[in-house]
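Student:
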Amino acid sequence: MRNSGDEVIPQRRKAVSSVMLGLPYNHTTEAPATFILVGIPGLQSSHLWLAVSLSIMYTTALLANTLIVTIIWMDSTLQEPMYCFLCVLAAVDMVMASSVVPKMVSIFSSGDNTISFNACFTQMYLVHAATAVESGLLLAMAFDRYVAICKPLHYKRILTPRVMLEMTVTITIRATVFMTPLSWMVSHLPFCCSNVVLHSYCEHIAVAKLACADPRPSSLYSLIVSSIIVGSDVAFIAASYILILQAVFSLSSKNAQLKALSTCGSHVGVMALYYLPGMASIYVAWLGEDVAPLCTQVLLADLYLIIPPSLNPIIYGLRTKQIRKRTWGLLIHHLFNHSNLGSGIQALEQTRQLQRRPS
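Under the working numbering, residues 6 to 364 are what the sequence shown spells out, in order.
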């Protein structure tokens with residue numbers, strides 16, 4: 006007579022062998038209610054300093070991008086394609102930073118490192134979609150500068166409001182089409198073991214490694230899609246700036262050449278700060294800890310989500326003469342209004358005091 010325990014043991018062995026061989030796993034396994042985000046492994050002693058630094062950069066990003074959006078929205082003279090793209094870029098930067106930085110600061114400062122299952126994959130989707138949209142917007146802005154410098158007489162005919170809207174919609178659809186399958190693939194993996202994510206946000210490779218099934222399909226998809234999007238965008242951006250530089254060097258005015266080179270140089274610098282850490286973090290995470298320590302991988306992934314939102318409004322916005330002029334005008338207007346209001350209140354108070362004095 007066979008013991009009931011003898012029937013259970015082969016079933017357990019079969020389940021374990023299915024996991025090890027990467028065969029389809031039973032999806033009835035309940036997903037974890039929460040994930041635990043470690044932060045930056047190996048740098049726990051520096052978490053407080055990281056929290057302060059991230060808070061400063063995040064506050065700067067929010068204030069600067071909000072200022073850019075407000076000025077462009079309020080000023081009718083700034084309704085040109087370049088400023089409209091800049092306004093959308095500022096909004097995307099705020100979404101990208103807000104999707105990860107508040108939780109990072111909470112982890113580094115108070116140790117609140119839990120995140121719900123749904124919140125984790127929402128964060129993952131927002132990060133990937135926002136980065137894909139931002140890459141497309143940088144390409145659109147490079148194309149705008151190419152038309153403005155190389156084909157100035159046809160600028161308004163080429164970049165009509167309809168064309169701008171079509172470009173923005175295309176960029177958004179591209180991000181949605183490419184990034185939705187990635188989040189879906191990772192969220193539908195079976196999670197039956199550890200729920201500790203060795204990262205400071207729900208980065209897809211770090212989360213996929215916790216699955217009881219083979220995470221390589223989603224990781225390979227991410228690598229291929231990121232390479233296609235970034236590779237094509239960078240190629241077109243480089244072609245645009247090469248044509249811009251050719252047009253600039255054909256100018257007779259040295260001042261015009263220096264001004265154009267300064268603008269192009271700052272734009273290229275921001276793009277380098279955006280693309281290089283981002284692609285480095287993707288390839289290093291794919292290759293593993295043999296290439297770089299885990300703390301370096303996590304730090305790279307964190308920085309490329311917070312540095313561009315902090316620098317974009319400064320490089321693209323406040324370095325632009327029209328926006329800088331409107332910004333100073335707005336600040337001076339509010340300062341003088343408050344000053345005049347304070348003087349009026351003081352004069353009214355003095356008048357009341359004189360009236361109260363006995364005759």
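In this text, a Cβ means the ideal position worked out from N, Cα and C, and glycines have one as well.
Contact between the stretch 244-263 and the stretch 296-308 is defined here as three or more beta-carbon pairs at a separation below 8 Å; is this criterion met?
Tutor: Taking 8 Å as the limit for Cβ pairs, the verdict is that the stretch 296-308 does not touch the stretch 244-263.
Student: Does the count of Cβ pairs from the stretch 108-118 and the stretch 82-93 closer than 8 Å reach three?
Tutor: No, the stretch 108-118 does not touch the stretch 82-93.
Student: Can you grab the Cα-Cα spacing for the pair Lys330 / Gly322, in whole Å?
Tutor: Those two C-alpha atoms are separated by around 11 Å.
Student: Alpha carbons only, please: which of Asp98, Gly283 and Ser205 is nearest the one belonging to Asn317?
Tutor: Nearest option by C-alpha distance: Asp98.
Student: Taking all protein chains shown into account, decide if Lys161 is buried (16 or more other Cβ within 10 angstroms of its Cβ) or exposed.
Tutor: The residue in question, Lys161, is exposed, as its Cβ has fewer than 16 Cβ neighbours within 10 Å.
Student: How far does the beta strand (DSSP E) with Ile41 in it reach, from first residue to last?
Tutor: Segment Thr39 to Leu42, the beta strand (DSSP E) holding Ile41.
Student: Where do the ends of the alpha helix (DSSP H) carrying Ile176 lie?
Tutor: Ile176 -> alpha helix (DSSP H) spans Pro166 to Ser192.
Student: For Trp189, tell me which candidate among Ala134, Asn200, Ala145 and Tyr206 has the shortest Cα-Cα distance.
Tutor: Measuring from the Cα of Trp189, the nearest candidate turns out to be Ala134.
Student: Under 8 Å by Cβ, that's how I've got Ala213 and Val191 pegged, so tell me the actual separation to the nearest angstrom.
Tutor: Contact flag correct, Cβ pair sits at about 5 Å.
Student: Is the separation between the beta-carbon of Met109 and that of Cys207 shorter than 9 Å?
Tutor: Result no, Cβ atoms of Met109 and Cys207 do not sit closer than 9 Å.
Student: Any idea if Met184 is buried or exposed, counting beta-carbon neighbours within 10 angstroms, 16 or more meaning buried?
Tutor: That one is buried.
Student: Please report the distance separating the alpha-carbon of Leu131 from that of Gly283.
Tutor: Computed Cα separation, rounded: 15 Å.
Student: Asn70: buried (16+ other C-beta within 10 angstroms of its C-beta) or exposed?
Tutor: When all chains shown are included, Asn70 counts as buried.
Student: Between Ser271 and Ile320, what straight-line distance do the alpha-carbon atoms span, to the nearest angstrom?
Tutor: If you take the alpha carbons of Ser271 and Ile320, they lie about 6 Å apart.
Student: Could you spell out where the alpha helix (DSSP H) holding Ser103 opens and where it closes?
Tutor: Note, Ser103: alpha helix (DSSP H), Pro86 to Ser115.
Student: Quick test of the definition: if touching needs 3 or more C-beta pairs under 8 Å, does the stretch 172-182 touch the stretch 139-153?
Tutor: The stretch 172-182 is in contact with the stretch 139-153.
Student: Could you tell me if Asn31 is buried or exposed, where buried requires 16 or more neighbouring beta carbons within 10 angstroms of its beta carbon?
Tutor: For Asn31, the predicted model reports a pLDDT of 41, less than 50, meaning its position is unreliable and no value from the coordinates is stated.
Student: Output the distance between the C-alpha atoms of Leu263 and Val273, rounded to the nearest integer angstrom.
Tutor: Distance between the alpha carbons of Leu263 and Val273 is about 15 Å.
Student: Considering only the alpha carbon of each residue, which of Leu158, Thr136, Pro166 and Ser199 lies closest to Ala180?
Tutor: Ranking the options by Cα distance to Ala180, first place goes to Thr136.
Student: At which residues does the alpha helix (DSSP H) containing Thr82 begin and terminate?
Tutor: No alpha helix (DSSP H) holds Thr82; DSSP gives it neither H nor E.
Student: Within 10 angstroms of the Cβ of Ser104, are there 16 or more other Cβ atoms? Answer buried if so, exposed if not.
Tutor: Label assigned to Ser104: buried.
Student: Going by the CB atoms, is the gap between Leu83 and Ile77 shorter than 9 Å?
Tutor: Cβ atoms of Ile77 and Leu83: closer than 9 Å.
Student: For Leu72 and Thr332, which I take to be in contact (beta-carbon distance under 8 Å), what is that distance rounded to the nearest angstrom?
Tutor: About 7 Å; that satisfies the 8 Å criterion.
Student: In angstroms with no decimal places, state the Cα-to-Cα distance between Val138 and Phe241.
Tutor: Their backbone Cα atoms lie some 15 Å apart in a straight line.
Student: What are the partner residues of Val202, as DSSP defines its beta bridges?
Tutor: For Val202, which the question treats as bridged, DSSP gives the partners Leu42.
Student: Since His209 contacts Ser223 with CB under 8 Å, what's their CB separation in whole angstroms?
Tutor: Correct: roughly 7 Å between the Cβ atoms.
Student: In the DSSP assignment, what are the bridge partners of Ile120?
Tutor: Note: Ile120 sits in a beta bridge opposite Phe40.
Student: Measuring CB to CB, does Phe40 end up less than 9 Å from Val201?
Tutor: Result yes, Cβ atoms of Phe40 and Val201 sit closer than 9 Å.
Student: Which term fits Arg150, buried or exposed, when burial requires 16 or more other beta carbons within 10 angstroms of its beta carbon?
Tutor: Buried: at least 16 other Cβ atoms inside 10 Å.
Student: Pick out whichever of Ser60, Asp80, Cys125 and His159 has its Cα sitting closest to the Cα of Leu111.
Tutor: Per the sequence shown, the amino acid found at residue 111 is Ser instead of Leu. Checked all of Ser60, Asp80, Cys125 and His159; the closest Cα to Ser111 is Ser60.
Student: Let me know if Leu281 comes out buried or exposed under the rule of 16 or more other beta-carbons within 10 Å of its beta-carbon.
Tutor: Classification of Leu281: exposed, given that the 10 Å Cβ count is below 16.
Student: Answer with buried or exposed for Ala306, where buried requires no fewer than 16 other C-beta atoms within 10 angstroms of its C-beta.
Tutor: Burial call: buried.
Student: Quick one: which unbroken alpha helix (DSSP H) runs of 4-plus residues sit fully inside the stretch 273-340? Chain order, please.
Tutor: Entirely contained in the stretch 273-340, the alpha helix (DSSP H) runs reaching 4 residues are, in chain order, 299-317.
Student: Go ahead and pull the three-state DSSP assignment for Asp149.
Tutor: If DSSP states are grouped into helix, strand and coil, Asp149 belongs with the helices.
Student: Mapping DSSP to helix, strand and coil, what is Gly141?
Tutor: The answer is helix: DSSP assigns Gly141 an H, G or I state.
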